[in-house]
Structure formats: structure tokens, C-alpha cells
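Please read the structure below before turning to the comments.
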Amino acid sequence: MATRPPGTRGDVLRVRDLTKRFGDRVAVDSVSFHVAPGETYGLLGPNGAGKTTAIRMVCGLARPDAGEVVIAGERVSRSAVRAKALVGYVPQEVALYPDLSARENLNFFGRLYRLGGKPLRRRVDEVLELTGLADRAGERVESFSGGMRRRLNIGAALLHQPTLLVLDEPTVGVDPQSRHAIMDSVRAFGAAGMAILYTTHYMEEAERLCDRVGIIDHGKLIAEGTRRELVSRLGERDRVALTVDGDATAFAAECGRLPGVAAVDTTTEAGHSQVSLVVSQGRSALPALLEAAERSGATVRSAEVIEPDLEAVFLHLTGTALRE
């Protein structure tokens with residue numbers, strides 16, 4: 001998804017110069033971003049970076065010291081009922097009643113959203129299916145695993161079919177299987193057209209889920225863009241590792257003459273040669289590399305494109321690895 005300037009008409013969420021102080025500490029410092037329909041926007045940063053404070057202001061749960069939040073044309077404040085009704089908020093801490101069943105929890109939260117009767121029963125059934133908990137609907141939440149509780153927590157935020165879904169670190173403390181299930185669900189919500197604001201300190205989640213990422217540290221949004229835009233801004237290139245049979249030296253020479261190839265190296269191990277290249281666009285270069293192999297009489301047995309990741313971007317921008 002192409003990056004557009006903040007405030008573009010049609011954005012579901014617009015955040016402008018959002019600022020929050022706690023005494024002398026600036027927790028969120030003039031942060032601005034926007035989220036379009038069907039877009040998953042990730043706020044990536046370490047614990048204590050300001051992510052949770054920012055989204056609490058987005059949801060109207062905390063009053064900003066400066067700046068504004070607009071959701072689908074409605075300005076957010078602590079008393080803005082219509083704006084808040086557009087949001088489904090999934091907090092870090094699971095907000096469920098452990099002594100109630102999954103269905104009873106959803107019925108309770110549905111009534112808070114002013115749902116009732118057949119529409120509520122239908123929507124509860126739909127959410128139980130969406131979260132994969134239909135077969136456990138009658139069981140108490142206290143018997144659920146951490147991952148199941150997280151999924152039900154997300155389900156509660158979906159009952160009123162929000163315009164904007166806000167998830168604050170939704171996979172913290174869950175098992176790998178539940179984590180994958182949650183990420184699959186988030187992808188499906190975005191594909192269905194829902195705007196999603198997703199905070200995480202896990203690089204792989206930001207890379208797998210988010211159309212655009214805002215990197216936040218010490219309360220400041222220090223970079224923003226698609227994964228490729230963030231990486232290319234730093235001048236990073238892809239690495240391509242090719243395992244070949246035949247004349248690897250001639251193949252490497254052919255590769256070195258191709259446009260976009262910055263460096264070529266050849267090694268031999270276990271009877272096979274490996275040609276490693278540094279290129280500007282690894283995946284786009286593969287057809288030309290295969291043609292070069294054919295011209296040089298080499299046979300490519302395997303090819304791996306290793307793209308720079310957000311970890312490298314974060315390290316470059318902050319001078320440190322992502323803090324837990």
C-alpha cells in the first residue's frame with residue numbers, strides 16, 4: 001500500500017501531533033500517523049516507548065496534552081460517544097470474567113454495546129466461530145489457556161463490528177499455535193476491509209502483518225513506511241545465495257556484469273559451489289541470474305533471497321537492538 005500524506009480524505013484514523021506528558025516525562029511526543037480502510041498499521045517499539053499511551057489516547061481513554069485524533073470524521077475525546085463507538089479496543093491485559101463462560105462473557109459485553117435479542121445472539125455465534133471457540137462456548141474462561149483467552153478478548157472487541165480495531169500487544173504471553181491463530185485472524189480482518197492499529201515489540205509480527213509500520217522510541221515516531229520503504233531509506237540491499245553445479249567462476253563473472261549487482265563472492269562446500277550476491281532487488285533479479293547461469297554452463301540447485309529486516313532498520317535508527 002502506497003504511503004499517503006496524513007489527513008488524506010477517506011482515512012479511517014487520523015492522528016495529528018499527539019502529545020502526552022506525565023510530570024516532566026514526555027511519554028508521547030508530537031506523534032502523527034493515519035490508517036486507511038483495510039490497512040493494518042503497526043506501531044513498533046520496545047516496552048516503554050509510548051505505544052500503549054498513544055493508543056489509549058486514540059481510544060479516548062486518556063486525554064492528550066496536545067494534538068487530535070479523528071476516527072471516520074469524528075473527533076475523539078473522553079466524552080465523544082460516537083467516536084468511541086467506532087472502535088474495538090483489545091487491551092494488553094485480558095479483560096474477561098473468568099467465572100463466566102465464553103458465551104456469557106460475549107453476551108455481557110454485547111449488552112454494553114447496546115446489542116440485544118436475536119441480533120446479539122447471532123453476533124455472539126459469529127464471533128465464537130471467528131475466534132475458533134464455538135466448541136468451547138459453554139465453558140468457563142478460567143479453564144481456558146492463555147491463547148484462548150486472548151482470542152476471546154479479541155472477539156469481545158468485534159461484537160459491534162467496529163470501523164477501527166485497536167490491538168495492544170495481543171500475542172504477549174501466548175503459545176506459538178495461538179500466536180499464529182491470532183495473526184491469521186488479524187490478516188483476515190484487514191482483508192475484509194477493517195482498519196487495524198496494531199502495537200507490538202515483535203519484529204516478525206510487524207513484518208508479517210502490517211502494510212505500514214511506524215517505529216516509535218522514547219515517545220517519538222522516528223520513521224514510518226512500508227517494510228521496503230523503511231529498508232530502502234537506509235540504502236540496504238538484498239543478498240542472494242545460489243547453490244550451483246558447474247563452472248561457478250564463469251557464472252559469478254556473468255552475474256557481476258548484471259545491472260543492480262553490487263558484489264559477488266564464490267565459495268565451495270561439500271562438492272557444491274555457492275555464489276553469493278549483493279543486489280538492489282533480489283527477487284526481481286532472479287530471472288536474470290538464471291539466464292546468466294545458463295549462459296555460463298552452470299546449474300542452479302537452490303536460490304535464497306535474504307532481505308534486510310526491520311531489526312536492521314531499528315538498529316540503524318536508534319543505535320540499539322529492540323529492547324524487551
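Position 310, counted from 1, in the sequence shown is what full-length UniProt numbering calls 310; the numbers after and before it change by one each time, with no gaps. Backbone N, C-alpha and C define an ideal beta-carbon position, used for all residues, glycine too.
Listed in chain order, the non-local C-beta contacts of L100 below 8 Å within the same chain comprise F108, R140, V141, local neighbours out to five positions each way being set aside. Between A181 and R151, the C-beta spacing is below 8 Å. Rounded to the nearest angstrom, the gap between the Cα atoms of K20 and L289 is 52 Å.
About 12 Å separates the CB atoms of V90 and L164; that is not less than 8 Å, and the two are not in contact. The C-alpha of F22 lies about 11 Å from the C-alpha of P64.
A residue is called buried when at least 16 other Cβ atoms come within 10 angstroms of its Cβ; Y97 does not meet this threshold and is exposed. Fully enclosed beta strand (DSSP E) runs of no fewer than 3 residues occupy 87-90 of the segment 74-137, in order along the chain. C-alpha of A102 to C-alpha of I154: approximately 12 Å in a straight line.
In the DSSP assignment, the residues bridged to H34 are R14.
Membership of T200 in the beta strand (DSSP E) is indicated by the continuous run 195-200.
Shortest Cα-Cα distance from R78 to any of A95, L317, R56 involves R56.
Collapsing the DSSP output to three states places S178 in a helix. For G214, the secondary structure class from DSSP, reduced to helix, strand or coil, is strand. Secondary structure of T53 (DSSP, three-state): helix. Look at the segment 144-173 and you find these whole runs of alpha helix (DSSP H), each 4 residues long or longer: 146-158. Straight across, the Cα-Cα distance linking Q281 with V76 is about 42 Å. Taking 8 Å as the cut-off, the Cβ atoms of E205 and T226 do not count as close. Of the residues assessed, A66 falls on the exposed side of the cut-off, its CB having fewer than 16 other CB atoms within 10 angstroms. In terms of Cα proximity to R233, the closest of I196, E169, V244, F314 is F314. For T266 and D135, the gap between their C-alpha atoms comes out near 56 Å. In the three-state DSSP reduction, D309 falls in the coil class, being neither helix nor strand.
8 Å or more divides the Cβ of A49 from the Cβ of I306. Between R237 and A253, the CB-CB gap reaches or exceeds 8 Å. When rounded, the separation of the alpha-carbon atoms in D125 and V87 is 21 Å. Here L18 is buried. Its C-beta has 16 or more other C-beta atoms within 10 Å. A straight-line Cα-Cα distance of about 24 Å links A156 and L44.
The straight-line gap separating the alpha-carbon atoms of L317 and G214 is approximately 12 Å. Within its own chain, the residues whose Cβ lies closer than 7 Å to the Cβ of E207, once the five positions on either side in sequence are excluded, are R227, D309, L310, listed in chain order. In this structure, L209 sits away from R179, with a CB-CB distance that is not shorter than 8 Å. The beta carbon of E104 sits closer than 7 Å to none of the beta carbons in its chain outside the five residues before and after it.
Counting along the chain, the unbroken beta strand (DSSP E) around R239 starts and ends at 238-245.
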